[in-house]
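Scroll down for the structure; my scribbles are underneath it.
Protein chains: 2
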Amino acid sequence: MENTEKAPNGVNLEALIGTVTAVKSDPSLARFRFRAHNRWVAGAHSKTTIQGFYGTGKEDSSRKNPFVLEGDEPPVLLGGDAGPNAVEAVLHALASCLVVGLVYNATARGIGIDSMELELEGDLDLQGFLGLSKSVRPGYEGIRVICRVKSSATDAELQDLWTTSQEISPVLDIIRNPVPVFSELKKV
Amino acid sequence: MENTEKAPNGVNLEALIGTVTAVKSDPSLARFRFRAHNRWVAGAHSKTTIQGFYGTGKEDSSRKNPFVLEGDEPPVLLGGDAGPNAVEAVLHALASCLVVGLVYNATARGIGIDSMELELEGDLDLQGFLGLSKSVRPGYEGIRVICRVKSSATDAELQDLWTTSQEISPVLDIIRNPVPVFSELKKV
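Top to bottom, those sequences are chains A and B.
Residue 423 in my numbering is what sits at position 88 of the first sequence, and the numbering runs on without skipping anything.
Residue 376 in my numbering is what sits at position 41 of the second sequence, and the numbering runs on without skipping anything.
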């Protein structure tokens with residue numbers, strides 16, 4: 336396993352070690368606040384703008400332009416299909432999260448990843464969303480993830496890496512465990 | 336409140352009523368399976384492709400092209416900033432979901448929405464993701480949502496609408512309550 340290059344798996348290993356060391360010495364640097372702003376367009380269509388966030392003790396202003404994410408529903412769910420729907424976006428968030436955790440931890444362990452693909456699916460009974468049944472939850476009943484990795488590491492090393500990736504995954508934690516959500520509607 | 340137009344709030348009211356009626360008479364139509372495919376690019380960067388899904392008793396093939404969502408991390412989190420990160424994508428999913436539920440229920444109730452914006456923020460302690468503390472959860476400690484609505488409806492009508500929108504929101508349910516996730520890593 337070649338581990339002397341500066342950016343194995345495309346990750347700056349020195350910066351990764353530096354971040355871990357910095358947070359160990361000052362845990363307040365680990366406090367992050369992420370934000371999103373959403374504007375309704377029409378029907379099921381809305382646009383989310385994501386740019387600034389707080390972290391490492393300061394406001395981050397490195398993004399010169401915001402990211403804009405479209406949300407909509409497909410025609411069968413009465414939308415105009417301008418973007419994936421909200422529960423599809425959850426699958427994206429989960430995949431993206433698991434990838435980052437796996438790649439960062441692989442890099443820290445000196446494991447090279449040649450390629451990686453994830454397949455995700457989630458089952459949902461629309462009776463909950465339609466308000467037709469109080470006993471049917473509106474969200475996913477279950478989600479399945481298959482991660483296919485090409486690597487010269489052993490199967491045991493990869494399984495251990497996968498276990499760690501799940502343990503430290505923010506989005507997997509958000510999905511598997513309760514997160515308090517405080518909400519407020521204001522008439523303007 | 337004008338409710339005789341065919342698409343109040345940009346929602347096809349006849350289709351909405353038709354969907355509810357159809358699912359009431361055959362609840363199996365409400366079973367949906369959503370999917371996502373993610374491919375790692377390099378470092379924290381991955382791309383999620385979203386296209387087909389199963390619902391209303393059949394595979395949906397209405398989308399001629401897939402949606403592609405980019406996931407990455409900002410520089411301070413060792414990424415190349417090719418897209419919002421995974422926990423920011425969660426905020427987008429939540430916003431998009433609440434908007435759809437609110438607009439559909441408003442339409443069913445004959446409430447017109449003139450405009451709507453949502454502000455979301457979530458607090459996260461990176462010590463969990465970095466594996467530096469077993470007592471710090473990797474996911475959000477809490478999320479706040481403020482929904483600002485312009486409408487001629489009364490404040491009481493809008494608050495009731497907001498309550499319903501939360502009760503039937505798939506993504507809010509996924510975030511507030513546990514969802515089982517089955518995962519598997521395969522070496523290829």
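We put the CB at the ideal spot given by N, CA and C, even for glycine.
All of these numbers come straight from a predicted model, not from anything done at the bench.
Continuous beta strand (DSSP E) stretch holding residue 359/A: start and end: That residue, residue 359/A, is in no beta strand (DSSP E); its alpha helix (DSSP H) goes 348-360.
Rounded distance between the beta-carbons of residue 501/A and residue 358/B, thought under 8 Å: Between residue 501/A and residue 358/B the Cβ distance is about 35 Å, and since that is not below 8 Å, they are no contact.
Complete runs of the beta strand (DSSP E) confined to the segment 376-411 of chain B [at least 3 residues]: 380-385, 388-390, 393-395, 402-406
Contact set for residue 489/A: own chain, Cβ-Cβ below 8 Å, skip 5 residues either direction: none
At least three beta-carbon pairs within less than 8 Å, the segment 492-510 of chain B to the segment 342-354 of chain B: no
Proximity of residue 379/B and residue 344/B at Cβ, strictly below 9 Å: no
Spatial neighbours of residue 436/A in its chain, beta-carbon cut-off 6 Å, leaving aside the 5 residues before and after: 500, 503, 504
Proximity test, Cβ basis, 9 Å: residue 485/B and chain A: yes
Partner residues on chain B for residue 359/A, Cβ-Cβ distance less than 8 Å: 467
8 Å contact criterion, which residue 453/A and residue 434/A should meet: CB distance rounded: 7 Å
Range of the contiguous alpha helix (DSSP H) that encloses residue 449/B: Careful: residue 449/B lies outside any alpha helix (DSSP H), inside the beta strand (DSSP E) at 448-460.
Residue from 507/B, 377/B, 383/B, 341/B with nearest C-alpha to residue 455/B: 507/B
Boundaries (first-last residue) of the beta strand (DSSP E) holding residue 465/A: Careful: residue 465/A lies outside any beta strand (DSSP E) and carries neither H nor E.
Touching by the beta-carbon criterion (3+ pairs, under 8 Å), the segment 405-417 of chain B and the segment 510-518 of chain A: no
C-beta neighbour in chain A for residue 481/B, strict 9 Å: yes
Terminal residues of the alpha helix (DSSP H) in which residue 436/B lies: 421-444
Under 7 Å (Cβ pairs) to chain A, residues found in the segment 369-393 of chain B: 369, 370, 371, 372, 373, 374, 375, 377, 378, 379, 381, 383, 385, 390, 391
Amino acids of chain B, ordered along the chain, whose beta-carbon sits closer than 8 Å to that of residue 341/A: By Cβ distance, chain B contributes nothing, its closest Cβ being about 12 Å from residue 341/A, past 8 Å.
Members of the segment 423-436 of chain B that neighbour chain A once the beta carbon cut-off is set at 9 Å: 423, 424, 425, 426, 427, 428, 429, 430, 431, 432, 433, 434, 435, 436
Residues near residue 400/B by beta carbon distance below 8 Å, same chain, minus five either side: 386
Beta-carbon proximity of residue 404/B to residue 383/B, cut-off 9 Å: yes
Neighbourhood of residue 363/A by C-beta distance below 7 Å, restricted to the same chain and skipping five residues each side: 392
According to DSSP, residues forming a beta bridge with residue 477/B: 458/B
Min CB distance residue 510/B to chain A below 9 Å: yes
Residue 394/A vs residue 388/A beta-carbon contact at 9 Å: yes
Chain B contact for residue 418/A (CB, 9 Å cutoff): yes
DSSP state of residue 483/A mapped onto helix, strand, coil: strand
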